[in-house]
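Read through the structure below, which is laid out as structure tokens, and then see the notes.
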Amino acid sequence: MEGRSWRGASGAWLGIGTAPGALVLGAQVGGRHGGALPVAVLAAGGAVMTALLAAQGRLGLRPPAGDGAGMAVLAPRYLPPAAERAFTALLAAAMAGWFGFNVGLGGAALAALTGLPDAAGAVLLTVPIVAVLLAGGGRWNAIAVATTLTAIALIGIVAVRLPPPASPVSFARDGPFTGLAADLAGYIGYVSVFAVRAPDFTAGLRGRRDLAACVALLVGPALAASVVGAGVAAASGSTDVVAVLAGPDGLPAANLFVAASVIAPTFAAVHSGALAVRRFLPPGGRFGARAWGVLAVAVPGAVLAALRVDRMLLDWLTVLAAALPALVPPMAAEAARRRRGRPARPVRTWIWAPGAVLAVALTLAGHAAAAPIGLAVSAAATLVHALSTRARPAAGIAIRRRIRS
324 MEGRSWRGAS GAWLGIGTAP GALVLGAQVG GRHGGALPVA VLAAGGAVMT
374 ALLAAQGRLG LRPPAGDGAG MAVLAPRYLP PAAERAFTAL LAAAMAGWFG
424 FNVGLGGAAL AALTGLPDAA GAVLLTVPIV AVLLAGGGRW NAIAVATTLT
474 AIALIGIVAV RLPPPASPVS FARDGPFTGL AADLAGYIGY VSVFAVRAPD
524 FTAGLRGRRD LAACVALLVG PALAASVVGA GVAAASGSTD VVAVLAGPDG
574 LPAANLFVAA SVIAPTFAAV HSGALAVRRF LPPGGRFGAR AWGVLAVAVP
624 GAVLAALRVD RMLLDWLTVL AAALPALVPP MAAEAARRRR GRPARPVRTW
674 IWAPGAVLAV ALTLAGHAAA APIGLAVSAA ATLVHALSTR ARPAAGIAIR
724 RRIRS
């Protein structure tokens, strides 16, 4: 078998890149900069998103480029049992949160079209999504592709219908480093959950070119959508995309596009979340485990959707960014070791946990640079561990040589 090409995996990647969440993120970040996104924010955000997605996504590539498996298989291979269970539980909770964001945003758009309460709109959107996922058989992939095209249409409609009064991109640096770090935390958070679970969507890909194509399909559209979102904030003075589209100066029909375009990222979230939940389920029938996994993510996610968690997007993304990306550097480093023929060893908890805990603590304390600091601490610990393990064998060789002489 030659493996899959990037075309067979493009739906989930493009779906995340073109999700309305990118519009909301850009609107919120742009609102902090007078409606214009600084180029430095876009460049730094794009670079970090690319690094996280490529480093973790490579694990799913076919051997010898990767391990050829998703995270449900990789996590027990790379993490100690206790750490693996804690990580999997956190990931499942994060996926339920993303379900809540996507369906909350789409449900509100559906409610605006029908005149129903927001909670009723969330229920109307949840039921068919869950039904398709419970039916299984890979049916959601074709639907995801169709709704992704809808998301692209949404971005184009918003850009044309609500043009900003000035350029939504600025070369000016209008704040201290902490402001840039806070914006960067938003972009890290936008891809953090998907990045950690990227092997679920790269499993079986042929090689690094296919991975690069998938990463580009996410990062490029996400940055473009965030620029459009910043323009919406400048044109309307509001970061609530649904309210802007449904308002008297907006485009009410675009709510239909919002409702449809959240479906692809919701499918992707439940797909990975259900795999994570199944780690804690007792052995049983294949359909039963899959169904319980879907419901374990969708039910709490639907509650969050009814509570409109999407209105707290930036805070939610910041919390996600604080906890999850710290695991990527040590896992990528260990995968590189194994590709060089070194014996497998578990990723030690002390390498990534301090960065994750520090980032969460800084986030709760309101520190703007929490997510980048946590990621940097994890990367530094990974480097220190790699250097120390190289030094120990070298020291042993030197001692043996002295003994022989």
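To convert, count from 1 in the sequence shown and add 323; that's our numbering. Using N, Cα and C, we set each Cβ at its ideal position, and we do this for glycine too. Quick caveat: nothing in here was measured; it's all calculated off a predicted structure.
Fill in: Cβ separation of residue 385 and residue 531, assumed to be a contact under 8 angstroms, to the nearest whole Å
About 11 angstroms separates the beta carbons of residue 385 and residue 531, which is beyond the 8 angstroms limit, so they are not a contact pair.
Worksheet item: Could you give the distance in angstroms between the alpha-carbon of residue 457 and the alpha-carbon of residue 594?
Response: Roughly 11 angstroms between the two C-alpha positions.
Worksheet item: Do the stretch 416-428 and the stretch 620-632 meet, that is, are 3 or more Cβ pairs less than 8 angstroms apart?
Response: They touch, by the three-pair rule.
Worksheet entry | Cβ neighbour criterion (16 or more within 10 Å) applied to residue 340 | With 16 or more Cβ atoms within 10 Å of its Cβ, residue 340 is classed as buried.
Worksheet item: Which residue's Cα is closest to the Cα of residue 544: 632, 634, 379 and 513?
Response: Of all alpha-carbon atoms in 632, 634, 379 and 513, the one lying nearest the alpha-carbon of residue 544 is that of 513.
Item to complete: From the DSSP output, in three-state form, read off residue 493 for me.
Response: In this structure, residue 493 counts as strand in the three-state DSSP scheme.
Worksheet item: Mind checking whether residue 448 and residue 558 have CB atoms under 8 angstroms apart?
Response: For residue 448 and residue 558, no; Cβs fall outside 8 angstroms.
Worksheet item: If you count every other CB in all the chains shown that lies within 10 Å of the CB of residue 549, and 16 or more means buried, which is it?
Response: Residue 549 is buried by the Cβ-count criterion.
Worksheet entry | Distance, residue 419 Cα to residue 720 Cα | Only weak support exists for where residue 720 lies, its pLDDT of 44 falling under 50; the coordinates are left without a value.
Discussion item. For a test of the three-state rule: what should DSSP assign to residue 403, helix, strand or coil?
Written reply: Note: residue 403 maps to coil in three-state DSSP.
Fill in: Length of the line joining the Cα atoms of residue 540 and residue 663
Between the alpha carbons of residue 540 and residue 663 lies a distance of about 29 angstroms.
Item to complete: Determine which residues share a DSSP beta bridge with residue 327 and list them.
Response: Among the bridge pairs identified by DSSP, residue 327 is matched with 528.
Item to complete: Output the boundary residues of the alpha helix (DSSP H) element that contains residue 672.
Response: 672-687 is the extent of the alpha helix (DSSP H) around residue 672.
Item to complete: Using the Cα positions of residue 657 and residue 701, report the straight-line distance between them to the nearest angstrom.
Response: Taking the Cα positions, residue 657 is about 13 angstroms away from residue 701.
Worksheet item: DSSP on residue 384, reduced to helix/strand/coil?
Response: Three-state result, residue 384: coil.
Fill in: Cα-Cα separation, residue 547 to residue 598
Using only the alpha carbons, I get a separation of about 31 angstroms.
Worksheet item: Across which residues does DSSP place residue 360 in a beta bridge pair?
Response: By DSSP's assignment, residue 360 forms a beta bridge with 492.
Item to complete: Find the nearest neighbour of residue 710 within the set 685, 694, 653 and 392, judged by alpha-carbon distance.
Response: Residue 653 is the option with its Cα nearest to residue 710.
Discussion item. Using only CA atoms, which one of 587, 464 and 490 lies nearest to residue 552?
Written reply: Selected option, being the one with the closest Cα: 490.
Worksheet item: residue 696 to residue 417, Cα distance in whole Å?
Response: Straight through space, the alpha carbons of residue 417 and residue 696 are spaced by roughly 21 angstroms.
Worksheet item: What are the boundary residues of the alpha helix (DSSP H) that residue 603 is part of?
Response: Neither: residue 603 is in no alpha helix (DSSP H) and is coded neither H nor E.
Fill in: Exposure label - residue 505; buried when at least 16 CB within 10 Å
Classification of residue 505: buried, given that the 10 Å Cβ count is 16 or more.
Worksheet item: Thinking C-alpha only, which one of 493, 617, 615 and 666 is nearest residue 362?
Response: The residue with the shortest Cα to Cα distance from residue 362 is 493.
Worksheet item: Assuming residue 335 and residue 467 make a contact with CB atoms under 8 angstroms, what is their CB distance in whole Å?
Response: Going by Cβ atoms, the distance from residue 335 to residue 467 rounds to 7 angstroms, so yes, they are a contact pair.
Discussion item. Contact between the stretch 471-482 and the stretch 341-356 is defined here as three or more beta-carbon pairs at a separation below 8 angstroms; is this criterion met?
Written reply: Touching, yes.
Practice prompt. My understanding is that residue 526 touches residue 383, with C-beta atoms under 8 angstroms, so please give their C-beta distance in whole angstroms.
Written response: Yes, residue 526 and residue 383 are in contact; Cβ-Cβ is about 4 angstroms, under 8 angstroms.
Discussion item. On the DSSP letters alone, give me the boundaries of the alpha helix (DSSP H) that residue 654 sits inside.
Written reply: Under the DSSP assignment, residue 654 falls in the alpha helix (DSSP H) whose first and last residues are 651-662.
Practice prompt. Leaving out five residues on either side along the sequence, give the residues of the same chain with a beta carbon under 7 angstroms from the beta carbon of residue 399.
Written response: Once the five neighbours on either side are set aside, the close Cβ partners of residue 399 are 407.
Worksheet item: Helix or strand or just coil, what does DSSP make of residue 698?
Response: Three-state result, residue 698: helix.
Worksheet entry | Alpha-carbon to alpha-carbon, residue 520 and residue 588 | The straight-line gap from Cα to Cα measures roughly 13 angstroms.
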